[in-house]
Ligand code: NAD
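Numbering (the UniProt record's numbering), first residue to last: 1 to 462.
This is the structure:
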């Protein structure tokens, strides 16, 4: 789904006019169907640490054309900047400045990925903290500067996490691939060495079963299609009023449909009964069902406020508490545990849908932003609760994504909203789905409590 302006700008007269008038010229972003290879080569690995050598070896094992310098390269597909041992801001330039001279040689859709350690807030070494924090400014600025659909993102591997840990390898492969087309200027933090490398990187969800809420259309339907292509078996949930669409996508993907309103008081118990009846054990739970009821706060009413909170966050709290209760890790709303035949695996991946509105707030969306900021805090706390269990919880925060939800925004406001990011366009539902696919995979076991923005580096928020 390409918007009208972008279709126009991709014609010869449109391109000419845009250039003359200084209008945005959004690049065509390659998705995985256009560029199935894991790494766009040649890939240059910068850095002199043992970690840099390790990363170069990993890329070689993936079949990439790996170089350690830019010498003689007229076209650069990817750059990995390894900054894992920096102890002072003065050490960053030496490693990264060779990239400056190669910026104009970056291929369309090129990827820059830094690998560094997160600032810890400890007073032990002020220069190390400043160096680590500095990488954030570097990556976010590179994200604004790269052109032609190229992106810059970073991986933050916690102290003690080796650079060949499953989470680091998984994040590197994801950020280098076309699967991260609409992620720019962001960091993925790998906080533990947990997780496993997949048997097949192209089908990392093979043999896993996922429940996706709000799956009849929009982002939920894209998540279902992506999960299916990554090998997952699916239970697809949506309200009875969306039954026709739900049946269609369930037939298409050979998935099991579940018609249910997630806000029904007995919804969690009905989900559990449904799974038990069919002997289904979930490896992934995607909490995607969501609604908007926008109004300036001066005109806000309980009729607009309450359903948004109920669907977007309260339903998630109830379902997750009850599901965890089946394993003695949580409790149902009435405080009782619903222990019995397991319906969730001990390596469950929970991914919830937040929004950039939940990070930066948004005019007319007090109710929605309250619910989505709640989601961000919820997954953070849930990850803490799940520490040591093998299960993880994370969120993705989409920016402007082209769906029926955003099609309802008034035309001028919509046109502005889709342009105010580094990639000058709205994302596709597929972009959000790919991020959730990665966070639901086995290698992502060391990524927990994170909110990954899929927003093309939208200027709102951090
Ligand atoms: P959408 O309106 O196209 O689809 C939402 C789906 O959720 C629908 O199929 C709907 O029937 C279902 N649903 C709604 N209430 C439900 C309920 N009570 N029980 C079960 N299912 C229910 O929306 P979308 O754009 O695909 O958004 C999906 C998620 O992504 C939402 O959580 C939304 O807040 C979030 N999001 C979207 C955007 C965007 O730009 N589209 C941006 C940020 C976040």
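Using N, Cα and C, we set each Cβ at its ideal position, and we do this for glycine too.
Which residues does DSSP pair with residue 393 in a beta bridge? Position 393 of the chain shown, counted from the start, is the residue given in the question as residue 393. DSSP, once it has assigned bridges, lists 350 as partnering residue 393.
If you check the beta carbons only, do residue 209 and residue 282 fall under 9 Å apart? As a first step, residue 209 is located in the chain shown; it is residue number 209 there, counting from the start. As a first step, residue 282 is located in the chain shown; it is residue number 282 there, counting from the start. Their beta carbons are under 9 Å apart, which means residue 209 touches residue 282 by this criterion.
Span separating the alpha-carbon of residue 307 from that of residue 285: Walking along the chain shown from the start, residue 307 turns up at place 307. Walking along the chain shown from the start, residue 285 turns up at place 285. Spanning the two alpha carbons is a distance of roughly 22 Å.
Using a Cβ-based criterion (distance less than 8 Å to any ligand heavy atom), does residue 429 qualify as near the ligand NAD? Taking the chain shown and counting its residues from 1, the one referred to as residue 429 is at position 429. For the ligand NAD, at least one heavy atom lies less than 8 Å from the Cβ of residue 429.
Tell me which residues share the same chain as residue 435 and place their Cβ nearer than 7 Å to its Cβ, disregarding the 5 neighbours each side in the sequence. The residue you call residue 435 lines up with position 435 of the chain shown. 183, 396, 452, 454.
What is the residue span of the beta strand (DSSP E) that residue 153 lies within? Your numbering for residue 153 matches position 153 in the chain shown. That run of the beta strand (DSSP E) goes 151-157.
Taking Cβ to Cβ, would you say residue 402 is nearer than 9 Å to residue 429? The sequence position of residue 402 within the chain shown is 402, counting from 1. The sequence position of residue 429 within the chain shown is 429, counting from 1. Yes, they are a contact pair.
Skipping 5 residues on each side, what residues in its chain have a beta carbon closer than 7 Å to that of residue 95? Taking the first residue of the chain shown as 1, we reach residue 95 at position 95. These residues qualify, in order along the chain: 46, 47, 81, 83.
Can you tell me whether residue 268 is helix, strand or coil according to DSSP? As a position in the chain shown, residue 268 is number 268, starting the count at 1. Residue state, collapsed to three classes: helix.
Boundaries (first-last residue) of the alpha helix (DSSP H) holding residue 306: Looking up residue 306 in the chain shown gives position 306. 302-309 is the span of the alpha helix (DSSP H), which, as asked, contains residue 306.
Using 8 Å as the threshold, is the segment 246-253 in touch with the segment 173-189, meaning 3 or more CB pairs across them? no
DSSP state of residue 249 mapped onto helix, strand, coil: Reading the chain shown from its first residue, position 249 is the one you call residue 249. Residue 249 falls in the helix class under three-state DSSP.
Is it true that the CB of residue 113 sits closer than 9 Å to the CB of residue 175? The sequence position of residue 175 within the chain shown is 175, counting from 1. The sequence position of residue 113 within the chain shown is 113, counting from 1. In contact: residue 175 and residue 113 (Cβ atoms closer than 9 Å).
Helix, strand or coil: which one does DSSP assign to residue 296? To locate residue 296, count along the chain shown from 1; it is residue 296. DSSP places residue 296 in coil when its eight states are reduced to three.
Going by other Cβ atoms of all chains shown within 10 Å of its Cβ, with 16 needed for buried, is residue 425 buried or exposed? For the purposes of this step, residue 425 is taken as the residue at position 425 of the chain shown. By the 10 Å Cβ count, residue 425 comes out buried.
Let's test the definition: count the other Cβ atoms within 10 Å of the Cβ of residue 11 and tell me whether it reaches 16, buried, or not, exposed. Along the chain shown, one-based indexing puts residue 11 at 11. Exposed.
Starting from the C-beta of residue 475, find all residues in its chain whose C-beta is less than 6 Å away, skip the five residues before and the five after it, and write them out in chain order. The question about residue 475 has no answer, for the chain in this structure spans 1 to 462.
In its own chain, which residues sit with a C-beta less than 6 Å from the C-beta of residue 60, not counting the 5 before and 5 after it? For this step, residue 60 is matched to residue 60 along the chain shown. Here the set comprises 66.
So the alpha helix (DSSP H) residue 111 belongs to, where does it begin and stop? Within the chain shown, numbered from 1, the residue matching residue 111 stands at position 111. Careful: residue 111 lies outside any alpha helix (DSSP H), inside the beta strand (DSSP E) at 106-116.
If I'm right that residue 170 touches residue 407 with Cβ under 8 Å, what's the distance once you round it to whole angstroms? The count along the chain shown starts at 1 and reaches residue 170 at position 170. The count along the chain shown starts at 1 and reaches residue 407 at position 407. Incorrect: roughly 33 Å between the Cβ atoms, too far for contact.
Whole angstroms are fine: how far does the CA of residue 243 sit from the CA of residue 56? Locating residue 56 in the chain shown gives position 56, counting from the first residue. Locating residue 243 in the chain shown gives position 243, counting from the first residue. When rounded, the distance between both Cα atoms is 49 Å.
Could you compute how far the alpha carbon of residue 331 sits from the alpha carbon of residue 258? Counted from its first residue, the chain shown places residue 331 at position 331. Counted from its first residue, the chain shown places residue 258 at position 258. Any reading at residue 331 must be qualified, since the residue scores a pLDDT of 49, below 50, and its modelled position is unreliable; no value is offered.
Determine the DSSP secondary structure at residue 241, reduced to helix, strand or coil. Reading the chain shown from its first residue, position 241 is the one you call residue 241. If DSSP states are grouped into helix, strand and coil, residue 241 belongs with the helices.
Is residue 96 helix, strand or coil by DSSP? Translated into the one-based positions of the chain shown, residue 96 becomes position 96. Reduced to three states, the DSSP call for residue 96 is helix.
Beta strand (DSSP E) containing residue 283: first to last residue? In the chain shown, the residue the question calls residue 283 occupies position 283. Here the beta strand (DSSP E) through residue 283 covers 282-287.
When you compare only the Cα positions, how much space is there between residue 409 and residue 459? Taking the first residue of the chain shown as 1, we reach residue 409 at position 409. Taking the first residue of the chain shown as 1, we reach residue 459 at position 459. Using only the alpha carbons, I get a separation of about 19 Å.
Check for me: the beta strand (DSSP E) holding residue 313 runs from which residue to which? Along the chain shown, one-based indexing puts residue 313 at 313. Segment: none, residue 313 is in no beta strand (DSSP E) and carries neither H nor E.
Burial state of residue 148 (16 or more Cβ within 10 Å): The residue given as residue 148 occupies position 148 in the chain shown. Answer is exposed; the Cβ neighbour count stays below 16.
Three Cβ pairs or more, each shorter than 8 Å: is that satisfied between the segment 151-162 and the segment 107-122? yes
Short check: CB of residue 399 to CB of residue 294, under 9 Å? The sequence position of residue 399 within the chain shown is 399, counting from 1. The sequence position of residue 294 within the chain shown is 294, counting from 1. No, the pair does not count as a contact, with Cβ atoms beyond the cut-off.
Taking 8 Å as the cut-off, does the segment 124-135 touch the segment 159-170 (at least 3 CB pairs, one atom from each stretch)? no
Supposed contact pair residue 344 and residue 327 - C-beta distance, whole angstroms, cut 8 Å: Position 327 of the chain shown, counted from the start, is the residue given in the question as residue 327. Position 344 of the chain shown, counted from the start, is the residue given in the question as residue 344. The pair is a contact, with the Cβ atoms about 6 Å apart (cut-off 8 Å).
Should residue 148 be listed as close to the ligand NAD, given that the test is whether its C-beta is under 8 Å from any heavy atom? Taking the first residue of the chain shown as 1, we reach residue 148 at position 148. Result no, Cβ not under 8 Å from the ligand NAD.
Measuring straight from C-alpha to C-alpha, what distance separates residue 3 and residue 177? For the purposes of this step, residue 3 is identified with residue 3 of the chain shown, where counting begins at 1. For the purposes of this step, residue 177 is identified with residue 177 of the chain shown, where counting begins at 1. Computed Cα separation, rounded: 24 Å.
Go to residue 221, then tell me how far its beta strand (DSSP E) extends in each direction, as first and last residue. Walking along the chain shown from the start, residue 221 turns up at place 221. Here residue 221 belongs to no beta strand (DSSP E); instead the alpha helix (DSSP H) covers 218-229.
Return the first residue and the last residue of the alpha helix (DSSP H) that residue 429 is part of. Locating residue 429 in the chain shown gives position 429, counting from the first residue. It spans 429-439 - the alpha helix (DSSP H) in which residue 429 sits, taken as one unbroken run.
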